[in-house]
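Per UniProt numbering, the sequence shown starts with residue 1, numbered consecutively. Below is one structure; the comments refer to it alone.
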Amino acid sequence: MTESVDSRLDFKQDLSSYAIILGKNMPLFEAFTVAAWVKVEQNVTKNEPTLIAYSVGMENQFHINIGNEFIIGIGKNNPQKTRNWGLEVGKWIHVAVTWDRDGSWNLYKNGVHKAGNNKLPIADHLKAGGELTIGHMIHRLTNHSIGFRGQLSHVHLWDQILNVTYLQNIASDCTFTYCGSVAEWVDFRSGTRGTSKLRWPSGVFDECVVNKAETCDSHCSQTNGPQCNQEYARNILWPRTPTGHNSTRPCPGISSGFAMRMCMEEEGLGVWKEANFSTCVSSDLRELKREIEGNISDLNILMYLERLYNSTSSKKTNPSDLSTGITCIRLIVDAQARALSDYQWTDTMLKFNKNRRIPAYPRIEETNKFVRWVTDTVDNIIDQRNEVAWNATRPRGAQAVELLDVMENFVNLFARSLLRHTKRGDINELEGQKAFDRQNIAIYVETVRPIDFTGSFFPDVAKLSMSSMNSDEGRGVIPDTLFDDLDSDLQETRMAVFYVRYEKIARYLPNHPEQVIVKYYRDKEKEHKHKEDNVNSVVITTGVFAETDVHDAFANISDPVEVNFKFSDTFNISNPECVAIDIQGGPNDWHWRTSESTNMSSEGEFASCFYYQLGTFAVTTDMYNINWDPGEPPRFVMTAAGYIGILVLITMLIISLSVFFYLRCTTDTVAVHRNLAVSLIVLHLLFMIGITRQENATVCKIFAISIHFFFTTSFCWICNEAFNLYIEVANSIHSDQQQQRPMLRYYVIGWFVPAVLVFALVQSKWETYFSPDVCFINFDHIWLFAGPAGGFWAITVFVLVYTGKDIMESSYSKDKEANKVISNHCKGCWIQVVLMAIAWAFVIISVDLYSLVPQILFAMFSILQGAFFFVFFCGLDGEITEILSERRSSMGFNVSPHGLQRSTKYSVYRRYLPPRTSSRRSQAPSHIHSPSSHGSNPYLTSDLPREMLELQSHTRERGGSWQGGSSDTNVGGAGGDRSPSLARWGSTAVQALRRQQHLARKDSDAKREVLSRFFRDDEVRGALDPPSPIPEAEHANADEEDRLVTSV
């Protein structure tokens, strides 16, 4: 590319064309000045075209658009606009814009102030390390309406605000000596993309064509003193540095330490010296390089080469190690070339030494070993295990180009050695063919006489030396007419033809350094723009070595060299092109070029290229096909499995709610069940109905927020279930200290806390909260959705674990029925906690991946959740089983209802405590006082002794009564006789009650002994010493017994 700076970029054909800065790290901006010469071809009434834009990833930092309106924007919000600022169609104008972090900006046209204010958003700084483009915004390439149409020239960027005088000088300077401190015009010219054309001269001024060396460098040197320009070396970006100063930079990649480089002055300009980056290199390679530089000779070449091979056999993550390894190979190859050049033998000397058998380095065995060690070392360096280090090289591709250059010297040396050995007689003409095949590289060299050459191809699997090579990946064919244009006096001179095939090095020779991360399917086209002309094959080098310079003979051969490639990636590719690498001066200046003298044909997975010169070749393709129809973009849809799972769950929950309301359950436990059921019903209805309702954006947002809210409430009510279980267990242990607590605390946790939490989270991320594909939260913020629910889930698990501990410790203090009820409730809580978490994990996966399998799993776990809710929270609930037992008893079924008194608070787990009174009669069994008091009897009918049951039955058959003084038999009346049978029955009843009391006392003593191990004595007495419903035998006198018998 010419060094002339008076050029222009023409953006006339493609509105998605742009130019980008390559190889520069953008600094952090606290202020900036942009200056450019602009020429537009037509008026633009809306969607003003982009002059310059700067972004970090997909995040815009600043952009400037010019048309009939001038627009400057910082970030995303509140861009400033100015109408009628003086744009002139078809005429060059100079535009300068300044910005400061306090929000102020100014616009200058041809050095004259046109507009400005301080209404831009205030920003501490603009981020560093972004991408600077002109002509378009790189993250909005699909929007052609903001692409620039016209011509741009001399675009510069400073990281400070320039004063008006300076801007006026820039606008009037036809020598273009003012250059941007961050980016200058020549930086953009190598980064053009699309169909924009670079043309000379710019036409801004007449007769002002000058060279860069006469402008920017000399101007900066005259203004600020001699300086070394910013450049890459040894994978490090060295900034502009004054002469006489050392520049210190951190080591590249993940290595620690610092590298230094001195800037020296030569002829009034700054010149960089070799960088000292020894602290960035591993110790073994550093020491090896030092020894090679100081001590290498033909006596130790192979020894150093073997050490280098061993050092490169391990994985490398440091780009400095790669660079040092390649440098060591270069030094060793140069040393071998010097050793070979020390023997300048004539044919007579060669014959004499052959007859005398005088050994000379290198012998054929040493040459074979040398070539083998170098090939193995290069195979180690370019192996995929070192990909981390290769990706850290800067600028991208430069280190691989340096390796290609070293390998070209090496293969020429290999060919030269074979020619020498053939001349010396070490090998015959048939043995003048050597091939080395490794995992990442294959080399073939063949010595030929041009007059006898019949063509060659590689790899020729028919030859023993190449029998193991795979010809499908890449194959080269050199025609038999290769030497036709060679001078006749060279036709008898022995030469060498060579091939080198690199299997994986194309990954380290990218065609486009910039990368774009695409997050959404709708942005796929942006990714395509950065996938043009990607290397998609192996790399093959062909060449000819001769003792004399014959390169001009092969610059344009009559019959082409055919190279067959197999595409590395065949999915959705298009536009294959045959390319050759073009290196201009150094490893930092290279590119793939398409020669006008190439033809190609491609079919299926293969491409055939025809080159009319020798060199290093590959095939590039666009990694997309503009004619490929991917069909409808994937989107989430509810499947039949999802509908079935949700409907079954909702049905089970509605049945449970119906039972709760029909039986008029009043306990707090059932109230918590009801709220949990309502929350789950609404959540799943919203998800089923609204997850794909994108017809109206507002409705979709309401569904997304509602799903988030009810999702959180469901986990909150599960948490309330755990709290309620813990309270019930605690009350069952300390029944004499029960407190009537309101339900309000549950409503606050279950409804109010989620409302506040969801409102705060939605407000904090409102701009990016909603998913663009479904009515759901954006998956970039999925932890706003799952995080709070996960927190409540963790609290629930903790409370249930702690409650389980209390249940185990208190199981001795409750009867069997209470333990069973508590156990069922605890199982129900655990099952709901686990199933809800699993089911909604599959919901999130199915929405994110558009997958059917997670929906099927979600449906399965939802059905299980609904079924277990009905079983444990409805069918086995303590209050419901109690009510059903009472109702069946009242209907005459042979089912004994529970004797517990129902209460609106904690009745399921409260143990019955009879009232304590001082009246001895009031302490008598209630069934003795009233036949209608059965509902409050703590001793159920089924618990009475057989004799009592018989007595009760016998009495009722005779129309009698258990209440003294009210029997049909005249007891205590005038002339009435006491029935002997009744007296006998009464005595039997008293004996039966005494026997029952004795057994109860023995059982109480046993329980007392067990409970005393875990509780205090006062707690044990409170639990085991209720008022006796029957007078103790030792305190009842004979008269009371006689009256009791008489009354019976």
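The beta-carbon is built from N, C-alpha and C at its ideal position, and this holds for glycine as well.
Checklist entry - Relative to the alpha-carbon of Pro-395, which residue among Leu-322, Gly-268, Met-495, Tyr-232 has its alpha-carbon at the smallest distance? => result Tyr-232
Next on the checklist: So, for Glu-577: in the same chain, excluding its five sequence neighbours on each side, which residues have a beta-carbon less than 8 Å away from its beta-carbon?
Outcome noted: Excluding the 5 residues flanking it on each side, Glu-577 has same chain C-beta neighbours closer than 8 Å at Asp-533, Thr-594, Met-600, Val-619, Thr-620, Thr-621, in chain order.
Checklist entry - Rounded to a whole number of angstroms, what is the C-alpha to C-alpha distance between Glu-69 and Pro-242? => result 42 Å
Next on the checklist: Tell me which residues share the same chain as Lys-709 and place their Cβ nearer than 7 Å to its Cβ, disregarding the 5 neighbours each side in the sequence.
Outcome noted: Strictly speaking, residue 709 in this sequence is Phe, with Lys absent from that position. Taken in chain order, the residues that qualify are Pro-754, Ala-755, Val-758.
Item to check | Sequence-distant residues of its chain with Cβ nearer than 6 Å to Gly-270 (five each side left out) | outcome: Pro-226, Gln-227, Cys-228, Thr-243, Cys-263
Checklist entry - What are the residues that DSSP puts in a beta bridge with Gln-80? => result Ile-72
Item to check | Endpoints, beta strand (DSSP E) assigned at Lys-154 | outcome: Residue identity differs from the one stated: residue 154 is His in this sequence, not Lys. Where His-154 is concerned, the enclosing beta strand (DSSP E) stretches over 150-158.
Checklist entry - Is the segment 603-618 in contact with the segment 818-831, if contact means three or more CB pairs nearer than 8 Å? => result no
Next on the checklist: Please classify Phe-545 as buried or exposed, where buried requires at least 16 neighbouring CB atoms within 10 angstroms.
Outcome noted: buried
Item to check | Distance, Asn-318 Cα to Gln-151 Cα | outcome: Using only the alpha carbons, I get a separation of about 43 Å.
Checklist entry - In the structure shown, what three-state DSSP assignment does Asp-736 receive? => result The predicted position of Asp-736 is uncertain, since its pLDDT is 49 and thus under 50; no value can be drawn from it.
Next on the checklist: I believe Asp-301 touches Ala-335 by the beta-carbon criterion, under 8 Å. Please report the beta-carbon distance rounded to the nearest angstrom.
Outcome noted: This sequence places Ile at residue 301; Asp is not what is there. With a Cβ gap of about 6 Å, Ile-301 and Ala-335 count as contacting.
Checklist entry - Expressed to the nearest angstrom, what Euclidean distance is found between the alpha-carbon atoms of Trp-238 and Gln-230? => result 5 Å
Checklist entry - From Ser-846, Val-797, Leu-285, pick the residue whose C-alpha is nearest to that of Pro-634; which is it? => result Ser-846
Next on the checklist: Per the DSSP calculation, Gln-227 is bridged to which residue(s)?
Outcome noted: Pro-242
Item to check | Cβ shell of Phe-258 (< 7 Å), same chain only, five flanking positions each side left out | outcome: Thr-248, Arg-249, Pro-250, Cys-251, Thr-279
Next on the checklist: Can you give me the C-alpha to C-alpha distance between Glu-293 and Leu-331, rounded to a whole angstrom?
Outcome noted: 7 Å
Checklist entry - On the premise that Ile-146 lies in contact with Thr-50, defined as a C-beta separation below 8 Å, what is that separation, rounded to the nearest angstrom? => result About 5 Å; that satisfies the 8 Å criterion.
Checklist entry - Who are His-113's beta bridge partners in DSSP? => result Under the DSSP definition of a beta bridge, His-113 partners with Tyr-108.
Checklist entry - With distances taken from CA atoms, which of Asn-556, Ser-558, Lys-566, Ala-553 is nearest Val-535? => result Lys-566
Checklist entry - Taking the continuous alpha helix (DSSP H) assigned at Gly-86, which residues delimit it? => result Here Gly-86 belongs to no alpha helix (DSSP H), and DSSP marks it neither H nor E.
Next on the checklist: For a test of the three-state rule: what should DSSP assign to Pro-450, helix, strand or coil?
Outcome noted: helix
Checklist entry - Would you call Thr-175 buried or exposed, if buried means 16 or more other Cβ atoms sit within 10 Å of its Cβ? => result exposed
Checklist entry - Could you give the distance in angstroms between the alpha-carbon of Leu-322 and the alpha-carbon of Ile-583? => result 20 Å
Next on the checklist: Beta-carbon within less than 6 Å of Ser-981's beta-carbon, same chain only, minus the 5 sequence neighbours each way: which residues are those?
Outcome noted: Only weak support is given to the placement of Ser-981: the predicted model assigns it a pLDDT of 44, under 50, and the question is left unresolved by the model.
Item to check | Burial state of residue 1100 (16 or more Cβ within 10 Å) | outcome: The question about residue 1100 has no answer, for the chain in this structure spans 1 to 1048.
Next on the checklist: For a quick check, are the C-beta atoms of Val-539 and Ala-506 less than 7 Å apart?
Outcome noted: yes
Next on the checklist: Quick check on the DSSP output: what are the complete alpha helix (DSSP H) runs of length 4 or more inside the segment 829-892, in order along the chain?
Outcome noted: Taking only runs of at least 4 residues, the alpha helix (DSSP H) segments lying wholly in the segment 829-892 are 852-868, 878-890.
Item to check | Run of the beta strand (DSSP E) containing His-551, from where it starts to where it stops | outcome: Neither: His-551 is in no beta strand (DSSP E) and is coded neither H nor E.
Item to check | Cβ-based burial, Trp-200 [other Cβ within 10 Å; buried from 16] | outcome: exposed
Next on the checklist: Quick check on the DSSP output: what are the complete alpha helix (DSSP H) runs of length 4 or more inside the segment 291-334, in order along the chain?
Outcome noted: 301-312
Checklist entry - Do Ile-161 and Thr-98 have their C-beta atoms closer together than 7 Å? => result Yes, the Cβ-Cβ distance between Ile-161 and Thr-98 is below 7 Å.
Checklist entry - Can you name the start and end residues of the beta strand (DSSP E) that Trp-92 belongs to? => result Where Trp-92 is concerned, there is no enclosing beta strand (DSSP E), given that its DSSP letter is neither H nor E.
Checklist entry - Taking Cβ to Cβ, would you say Phe-498 is nearer than 7 Å to Gly-543? => result Their beta carbons are under 7 Å apart, which means Phe-498 touches Gly-543 by this criterion.
Item to check | Alpha carbon of Glu-306 to alpha carbon of Glu-366, nearest angstrom | outcome: Rounded to the nearest angstrom, the gap between the Cα atoms of Glu-306 and Glu-366 is 12 Å.
Item to check | Gln-42 - containing beta strand (DSSP E), residue span | outcome: Per DSSP, Gln-42 belongs to no beta strand (DSSP E) and is neither H nor E.
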